[in-house]
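Down below is the structure, laid out as structure tokens.
In the working numbering, the protein residues as written are 1 to 64.
Structure (structure tokens):
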């Protein structure tokens, strides 16, 4: 089994936006909406982690 490719910030943000768009669709079932919501939370957390990591690096290098 191949290792999962780590998403870049841009890829995770795009997938988060797609999840949000799916939730706006009136023709989506409750199950599909819940799945999109859960995926959106995962992509949000990924984006947030990447941004926090970048912030820490900026703060670290700004102090030097």
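In this text, a Cβ means the ideal position worked out from N, Cα and C, and glycines have one as well.
{"Check": "How many angstroms separate the CA atom of residue 59 from the CA atom of residue 52?", "Outcome": "10 Å"}
{"Check": "Applying the criterion that 16 or more other CB atoms from any shown protein chain within 10 Å of the CB defines a buried residue, is residue 12 buried or exposed?", "Outcome": "buried"}
{"Check": "Can the beta-carbon of residue 20 be found less than 8 Å from the beta-carbon of residue 28?", "Outcome": "no"}
{"Check": "How many whole angstroms separate the CB atoms of residue 18 and residue 46, which I take to be in contact at a CB cut-off of 8 Å?", "Outcome": "Their Cβ separation, rounded to whole angstroms, is 14 Å, which puts residue 18 and residue 46 out of contact at 8 Å."}
{"Check": "DSSP three-state label for residue 18, please.", "Outcome": "helix"}
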